[in-house]
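Q: Residue numbers (my numbering): 170 to 657.
In this text, a Cβ means the ideal position worked out from N, Cα and C, and glycines have one as well.
For clarity, every value in this text was computed on a predicted model and none was experimentally measured.
Dropping the structure in here first, questions after.
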């Protein structure tokens, strides 16, 4: 789990004036990995599982299948993309042959053309289908997915507390709530202020099981409806607003881009202070986050201040970006990869009880001007593992101007304070020295080290996905319901 600390504003003021008097590294937000265990919060969790060993084994097998499928899940292909792919297949396999055929010959060739198209589409097009959770699937979700989701949400809410120290959220709207991991994370981070929770989850089994867990099992106290409300569908009424609105690992479950945009628009209208969007740290998940981020910023531009709806839709980016420009992470020449961050958690599926790491992408949109929250000079975000070397430190950062840079810090060029701060920084930190000139790329073989940084990122991603690879490679062919029936 990432933990964060906040330094005083006087340090940032000194930095703005070019003075550094504090010997400690002046972090605005510093992070370090700490393993998070979801199950430590719920003592009677053992009541959920039957003492029958065969039953437990089937649950664990189903949980592994679901975990791998959800990690490798991608959004449904749009109709326009399908048409373009069909034309591409026809052009590649037949060229101009079909154009030269007569009408009768074309009719005779249709079955052969269809067979070729279907065969190619099965190999190259992701076959998306909705996942319908029954009681067994809900148990599998608890075992295979909830620990990771809780660890991610806990980290994001902890960061929001640092970036917005005045926040005391009373209410939360949770879109695609699953088993209510948002509720658990908010209860831990804001135990005194958080009172009202409203969730949307289409599966009745998931809703019932989430309430069962939240109230502490069969012997727990019934939760009042005004404190813990559940619905099956997202309503269009925006008259009620919530301090925090969350969409965690839910956008991928919507059938097309139009419904995703409509959902984001409704969620943003329901937001009183912060909107949190989280997805897997894969290319597909990152694209969902960028899509939501871009749509909220587009709404902010469309509705001006003079427009009655302007105040409702005006917004800014709070995290992880320190800017509201286009996200250039996938378009930069340095390393076009998803903007993702790391979290560590305990996985019940691991019989050795070792901690596991996972990647996630996220964005926090806010209706509070970040300039009212931040003091002092602009800062950057460290977007990949820091690479310390014998005489230099290399950091890959996203600046407050939306630029992706690789900064090389040395003690001789930058002084002990800047060098030690860079050296002790971690992936995900807010970094104050974005405008400090970088050392030469030739210093201490820095060019080769930059290549090693890219390899380090790839190694981390490979380590996270190794245990899921075999099932993920066949995820397009998974039928979750049939797999669970076999597991049953």
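(1) Counting along the chain, where does the beta strand (DSSP E) carrying residue 493 start and finish?
(2) For my contact list, residue 411 and residue 341 are in at a C-beta cut-off of 8 Å; report their separation, rounded to the angstrom.
(3) Going by the DSSP bridge assignment, what does residue 534 pair with across the sheet?
(4) So for residue 522, helix, strand or coil by DSSP?
(5) From residue 333 to residue 311, what distance separates their C-alpha atoms?
(6) State buried or exposed for residue 413, treating a residue as buried only when at least 16 other CB atoms are found within 10 Å of its CB.
(7) Looking at the secondary structure, which residues open and close the beta strand (DSSP E) in which residue 567 lies?
(8) Give the range of the beta strand (DSSP E) segment to which residue 268 is assigned.
(9) So within the region 409-472, which uninterrupted alpha helix (DSSP H) runs reach at least 4 residues, ignoring any that extend past its ends?
(10) Identify the residues that DSSP records as bridge partners of residue 528: which are they?
(11) So, at 7 Å on beta carbons, what are the nonlocal neighbours of residue 378 in its own chain, with the 5 sequence-adjacent residues on each side left out?
(12) Taking the beta carbon of residue 444 as the centre, do at least 16 other beta carbons fall within 10 Å, making it buried, or is it exposed?
(13) Restricting to Cα atoms, I'd like to know which of 304, 430, 527, 463 is closest to residue 381.
(14) Alpha carbon to alpha carbon, how far is residue 548 from residue 567? Give it in angstroms, no decimals.
(15) Report the partner residues of residue 343 according to the DSSP bridge assignment.
(16) Would you mind sorting residue 449 into buried or exposed? The rule is 16 or more other CB atoms within 10 Å of its CB.
(17) Using a Cβ-Cβ cut-off of 7 Å, state whether residue 498 counts as contacting chain C.
(18) Please tell me whether residue 354 and residue 314 are closer than 7 Å, where the distance is taken between their beta carbons.
(19) Grab me the residues of residue 454's own chain with a C-beta within less than 6 Å of its C-beta, minus the 5 sequence neighbours each way, in chain order.
(20) Give me, in chain order, the residues of the same chain whose beta-carbon lies closer than 6 Å to that of residue 399; leave out the 5 immediate sequence neighbours on both sides.
(21) So, is residue 417 buried or exposed, given that buried needs 16 or more other C-beta atoms within 10 angstroms?
(22) Say whether the region 591-609 touches the region 521-535, bearing in mind that this needs 3 or more beta-carbon pairs closer than 8 Å, one atom from each stretch.
(23) Counting pairs of beta carbons, one from the region 286-306 and one from the region 244-255, are three or more of them closer than 8 Å?
(24) DSSP on residue 539, reduced to helix/strand/coil?
(25) Could you tell me the distance, in whole angstroms, from the CA atom of residue 189 to the CA atom of residue 516?
(26) By DSSP's criteria, residue 398 is part of a beta bridge. Which residues make up the other side?
A: A quick look at the data gives this:
(1) Here residue 493 refers to the residue found at position 324 of the chain shown. It is not in any beta strand (DSSP E) - residue 493 carries neither H nor E in the DSSP assignment.
(2) Against the chain shown, residue 411 aligns to sequence position 242. Against the chain shown, residue 341 aligns to sequence position 172. About 6 Å separates the two Cβ atoms, so the contact holds.
(3) The residue given as residue 534 occupies position 365 in the chain shown. The partner list for residue 534 (beta bridge, DSSP) reads 444, 486.
(4) Residue mapping note: residue 522 aligns to position 353 of the chain shown, counting from 1. Three-state result, residue 522: coil.
(5) In the chain shown, counting from the first residue as 1, residue 333 sits at position 164. In the chain shown, counting from the first residue as 1, residue 311 sits at position 142. Our two residues, residue 333 and residue 311, have alpha carbons roughly 31 Å apart in a direct line.
(6) For the purposes of this step, residue 413 is taken as the residue at position 244 of the chain shown. So residue 413 ends up on the buried side.
(7) Here residue 567 is taken as the residue at index 398 of the chain shown, counted from 1. For residue 567, the enclosing beta strand (DSSP E) begins and ends at 562-567.
(8) Taking the chain shown and counting its residues from 1, the one referred to as residue 268 is at position 99. For residue 268, there is no enclosing beta strand (DSSP E), since its DSSP letter is neither H nor E.
(9) Listed in chain order, the complete alpha helix (DSSP H) runs (minimum 4 residues) inside the region 409-472 are 426-438, 452-471.
(10) Mapped onto the chain shown, residue 528 falls at position 359. Note: residue 528 sits in a beta bridge opposite 511.
(11) As a working note, residue 378 is residue 209 in the chain shown. Hits under 7 Å: 307, 348.
(12) The sequence position of residue 444 within the chain shown is 275, counting from 1. Buried.
(13) Along the chain shown, read from residue 1 onward, the residue named residue 381 stands at position 212. The residue with the shortest Cα to Cα distance from residue 381 is 304.
(14) For this step, residue 567 is matched to residue 398 along the chain shown. For this step, residue 548 is matched to residue 379 along the chain shown. Their backbone Cα atoms lie some 9 Å apart in a straight line.
(15) Here residue 343 is taken as the residue at index 174 of the chain shown, counted from 1. Note: residue 343 sits in a beta bridge opposite 368, 415.
(16) For the purposes of this step, residue 449 is taken as residue 280 along the chain shown, with counting starting at 1. Label assigned to residue 449: buried.
(17) The chain labelled as chain C is not found in the depicted structure, where only one protein chain is given.
(18) Taking the first residue of the chain shown as position 1, residue 354 is located at position 185. Taking the first residue of the chain shown as position 1, residue 314 is located at position 145. For residue 354 and residue 314, no; Cβs fall outside 7 Å.
(19) Start at 1 with the first residue of the chain shown, and residue 454 comes out as number 285. Setting aside the 5 residues that flank it on each side, residue 454 is surrounded in the same chain by 448, 530, each with a C-beta closer than 6 Å to its C-beta; the list follows chain order.
(20) Residue 399 sits at position 230 when you count from the first residue of the chain shown. The beta carbon of residue 399 sits closer than 6 Å to those of 368, 376, all from its chain and outside the five residues before and after it, given in chain order.
(21) Residue numbering aside, residue 417 sits at position 248 when the chain shown is read from its first letter. By the neighbour-count criterion, in which a residue is buried when 16 or more other Cβ atoms sit within 10 angstroms of its Cβ, residue 417 is buried.
(22) No, the region 591-609 does not touch the region 521-535.
(23) Segments in contact, yes.
(24) Counting from 1 along the chain shown, the entry for residue 539 is found at position 370. It is helical.
(25) As a first step, residue 189 must be located in the chain shown, where it is residue number 20. As a first step, residue 516 must be located in the chain shown, where it is residue number 347. Residue placement at residue 189 cannot be trusted, given a pLDDT of 36 that sits under 50; what the coordinates show is reported in the next sentence. Between residue 189 and residue 516, the alpha-carbon positions lie close to 43 Å from each other.
(26) Your numbering for residue 398 matches position 229 in the chain shown. Bridge pairing for residue 398: 367 [DSSP].
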